[in-house]
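What follows is a set of notes on a single structure, which appears directly below.
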Amino acid sequence: MLRRAVELGVDHIDTAQFYGPDVANELIREALHPYPEGLVLASKVGALRDEQGGFVAAQRPGQLRAAVEANLRSLGVDRLEVVNLRRMDEHELAADQLIPLEDQLAEMVAMRAEGKIAGIGISTATYAQVQQAIEQAGIVCVQNAFSLVDRADADVLDLCHGANIAYVPYFPLGSAFPGMPKVTDNAAVRAVAERAGASRAQVGLAWLLARRDNVLLIPGTSRVAHLEENMRIADVALSEADMAELEGGA
Numbered sequence: 001m002l003r004r005a006v007e008l009g010v011d012h013i014d015t016a017q018f019y020g021p022d023v024a025n026e027l028i029r030e031a032l033h034p035y036p037e038g039l040v041l042a043s044k045v046g047a048l049r050d051e052q053g054g055f056v057a058a059q060r061p062g063q064l065r066a067a068v069e070a071n072l073r074s075l076g077v078d079r080l081e082v083v084n085l086r087r088m089d090e091h092e093l094a095a096d097q098l099i100p101l102e103d104q105l106a107e108m109v110a111m112r113a114e115g116k117i118a119g120i121g122i123s124t125a126t127y128a129q130v131q132q133a134i135e136q137a138g139i140v141c142v143q144n145a146f147s148l149v150d151r152a153d154a155d156v157l158d159l160c161h162g163a164n165i166a167y168v169p170y171f172p173l174g175s176a177f178p179g180m181p182k183v184t185d186n187a188a189v190r191a192v193a194e195r196a197g198a199s200r201a202q203v204g205l206a207w208l209l210a211r212r213d214n215v216l217l218i219p220g221t222s223r224v225a226h227l228e229e230n231m232r233i234a235d236v237a238l239s240e241a242d243m244a245e246l247e248g249g250a
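Counting in UniProt numbering, the sequence shown runs from 1 upward without gaps.
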């Protein structure tokens with residue numbers, strides 16, 4: 001699946017040492033190393049996995065550095081093209097994990113100066129935090145939750161667009177958690193998909209690309225057929241009427 005993605009022109013793969021847990025980087029290295037020229041591997045730090053596979057905060061500057069080193073080793077590279085700092089503010093954190101963003105960004109900037117990181121990003125961040133990261137660290141991307149059925153982050157998307165920063169929406173088809181809204185269940189999405197001769201998922205992803213030209217998609221899959229379906233969203237043309245119906249019906 002990874003090799004097919006590169007064959008189809010994918011040049012941006014989102015990963016992290018703690019994904020899997022601890023297998024995603026190994027699979028990427030096995031399938032693609034030595035990496036094709038122009039392929040950007042974007043990783044993430046700020047969390048670890050416990051023995052049960054749950055996410056555990058790892059927010060201290062020393063933990064961020066250790067995570068970058070772990071990603072470098074597992075991917076087999078000397079420099080990571082992009083590393084997203086994953087804030088964990090939505091969780092109840094232990095006192096030693098309540099780290100000021102300023103201190104975290106300073107460590108990320110130090111690693112960039114050392115050549116371990118080419119570009120710094122931030123993930124699950126508020127508008128104010130993104131502004132701070134732009135000013136302090138010159139970030140290149142923001143990775144937040146955003147989809148047709150969850151547009152609470154629209155102001156951050158607009159901020160990134162104005163600052164010429166890539167916006168990378170996770171949960172692009174709605175939350176992966178049970179009981180949360182799904183783009184593919186939306187009535188307007190069903191109607192537009194039927195007219196366009198596209199799948200509901202393709203319409204939801206095409207809407208994101210049409211929303212702003214700084215959007216980079218990271219829809220996950222483990223199947224080649226699903227990958228190929230996702231790649232065909234480049235051929236899904238949404239009219240102004242389609243966009244109005246989607247935005248009004250969400």
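Glycine is no exception: its CB is placed at the ideal position from the N, C-alpha and C atoms.
For residue i versus residue j, is the C-beta spacing smaller than 9 Å?
i	j	result
Val168	Val130	no
Val68	Ile117	yes
Ala145	Ala133	no
Ala58	Ala47	yes
Arg3	Leu39	no
Asn84	Gly121	yes
Leu246	Ala166	no
Leu148	Leu208	yes
Asp150	Ser123	no
Gln104	Leu159	no
Ala137	Arg112	yes
Asn25	Val45	no
Val236	Ala206	yes
Thr184	Arg200	yes
Asp96	Arg60	yes
Val140	Met1	no
Along the chain, where does the beta strand (DSSP E) that runs through residue i open and close?
i	result
Gln143	141-143
Leu48	47-49
Glu81	80-86
Gly121	117-123
Quick check on DSSP: helix, strand or coil for residue i?
i	result
Pro219	coil
Ser175	coil
His226	helix
Ala42	strand
Val56	strand
Ile13	strand
Ala19	Before going further, note that residue 19 is Tyr rather than Ala in the sequence given. Coil, per DSSP.
Asp96	helix
Asp150	strand
Terminal residues of the continuous alpha helix (DSSP H) containing residue i?
i	result
Gly249	240-249
His161	154-162
Ile233	From DSSP, Ile233 is part of no alpha helix (DSSP H); its letter is neither H nor E.
Asp103	101-113
Ser74	61-75
Asn25	24-32
Glu135	127-137
Glu7	2-7
So, is residue i buried or exposed, given that buried needs 16 or more other C-beta atoms within 10 angstroms?
i	result
Phe177	exposed
Glu107	buried
Gln52	exposed
Gly204	buried
Met180	exposed
Arg211	buried
Asn230	buried
Gly115	exposed
Leu93	exposed
Leu173	buried
Leu101	buried
Arg14	One point to set straight first is that residue 14 is Asp, not Arg, in the sequence displayed. Its Cβ being crowded by 16 or more others within 10 Å, Asp14 is buried.
Ala128	exposed
Leu98	exposed
Val23	exposed
Asp11	exposed
Ala234	exposed
Pro219	buried
Leu157	buried
Arg86	buried
Check whether chain B comes within 9 Å of residue i, counting only Cβ atoms and requiring the distance to be less than that.
i	result
Val192	Annotation note: the requested chain B is absent from the structure, which comprises a single protein chain.
4-residue-minimum alpha helix (DSSP H) runs that sit fully inside the segment 166-211, ordered along the chain
Uninterrupted alpha helix (DSSP H) stretches at least 4 residues long and entirely within the segment 166-211 occur at 187-196, 200-211, given in chain order.
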